[in-house]
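Note sheet for the following structure.
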Amino acid sequence: MTDVPEYLLERSRQRRIALGVLEDDGSGDGGAASATAPAAGGAPAAGPGQAEMIAAAREAAQLEAEPEAPPDSSWVLAAQKRHRIPIWVLPVLFCLPLWAFVYVQLTEPPPEPITAINEGAATYTVRCASCHVGDGSGSDGSGVGRPLWNGEVLLTFPDLDDSFIEWIAVGSEGIGLGQVYGDPNRPGGAHITGETESNMPAFGEVLNDHQLYSVARYVREVIGGEMISDEVAAERDAEWEHLGGGALSGGGGGGGH
1164 MTDVPEYLLE
1174 RSRQRRIALG
1184 VLEDDGSGDG
1194 GAASATAPAA
1204 GGAPAAGPGQ
1214 AEMIAAAREA
1224 AQLEAEPEAP
1234 PDSSWVLAAQ
1244 KRHRIPIWVL
1254 PVLFCLPLWA
1264 FVYVQLTEPP
1274 PEPITAINEG
1284 AATYTVRCAS
1294 CHVGDGSGSD
1304 GSGVGRPLWN
1314 GEVLLTFPDL
1324 DDSFIEWIAV
1334 GSEGIGLGQV
1344 YGDPNRPGGA
1354 HITGETESNM
1364 PAFGEVLNDH
1374 QLYSVARYVR
1384 EVIGGEMISD
1394 EVAAERDAEW
1404 EHLGGGALSG
1414 GGGGGGH
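The opening position of the sequence shown corresponds to residue 1164 in our numbering, with each subsequent residue numbered one higher.
Here is the structure:
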């Protein structure tokens, strides 16, 4: 039979005393020593109650083992299985860029409609202001072209007709140097091509029909100060649209009157 260590026997004895199974006789380690004393003939003798002590030692070892942790409660298991990000958040996050785009589009002011007047203003700034200056002062100011302001253009071209459109389209060389252009009976004398330091360029190849018409309107109605009735403005708007204004330049809007 395998010898049981004395400290296990003593622990078992103390455990049994604590449980009330065995009375404490004050023997201490002596009982354990006598239990393990060798019998006659050299073979270890089985002391009284040795089997019970071994069983008690095993029982004590089981009692002293750490208890198993209780299983997690239902709400802990549910929390562990729950997604960190709710499913319904995903479509919301997906739609946020679209919502932002729509919001910006709805809050931005609509673009200004294209009209004959603002189209003519844009053309004048790019094609004419370098010679006639932005306000139309021309050589009266810092420019080299004929003055157009203070009604000067209306004295040269009393009407918005083909002669004015042709002058813008073909320029000085198209009319012919030394030739009268506009009203020959112009107050202050007729204007003649080539008599100034700067000749009128031809814009017919860089401007289409409705651009020629709209810049002519801008020069007359805004820079030249021409006063026209609503009926005449409506007729000119219709002519500008007939020439392709509005539809070809981003949306119609009339003449701006």
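Glycine residues also receive a C-beta, built at the ideal position from the N, C-alpha and C atoms. None of the values given here were measured: they were computed from a predicted structure.
Once DSSP output is grouped into helix, strand and coil, what is the label at residue i?
| i | result |
| --- | --- |
| residue 1382 | helix |
| residue 1343 | strand |
| residue 1328 | helix |
| residue 1355 | strand |
| residue 1196 | Summary for residue 1196: the model assigns pLDDT 43, below 50, so the residue's position carries little reliability, and this model does not support an answer. |
| residue 1391 | coil |
| residue 1207 | Per-residue confidence for residue 1207 stands at a pLDDT of 49, beneath the threshold of 50, marking its modelled position as unreliable; the derived number appears in the next sentence. Residue state, collapsed to three classes: strand. |
| residue 1349 | coil |
| residue 1396 | helix |
| residue 1239 | helix |
| residue 1317 | helix |
| residue 1361 | coil |
| residue 1169 | helix |
| residue 1367 | coil |
| residue 1322 | coil |
| residue 1406 | coil |
| residue 1336 | helix |
| residue 1231 | coil |
With distances taken between CB atoms, is the gap from residue i to residue j smaller than 8 Å?
| i | j | result |
| --- | --- | --- |
| residue 1423 | residue 1294 | The requested residue 1423 does not occur in the structure, where the chain is confined to residues 1164 to 1420. |
| residue 1343 | residue 1355 | yes |
| residue 1384 | residue 1280 | yes |
| residue 1311 | residue 1391 | no |
| residue 1352 | residue 1373 | no |
| residue 1334 | residue 1371 | no |
| residue 1286 | residue 1377 | yes |
| residue 1318 | residue 1347 | no |
| residue 1409 | residue 1314 | no |
| residue 1379 | residue 1328 | yes |
| residue 1375 | residue 1357 | no |
Assuming residue i contacts residue j (C-beta within less than 8 Å), just tell me the rounded distance between them.
| i | j | result |
| --- | --- | --- |
| residue 1320 | residue 1345 | 5 Å |
| residue 1296 | residue 1305 | 6 Å |
Starting from the N-terminal side, write out each stretch of the beta strand (DSSP E) that is 3 residues or longer and does not extend beyond the stretch 1249-1311.
-> Complete beta strand (DSSP E) runs here, min 3: none at all.
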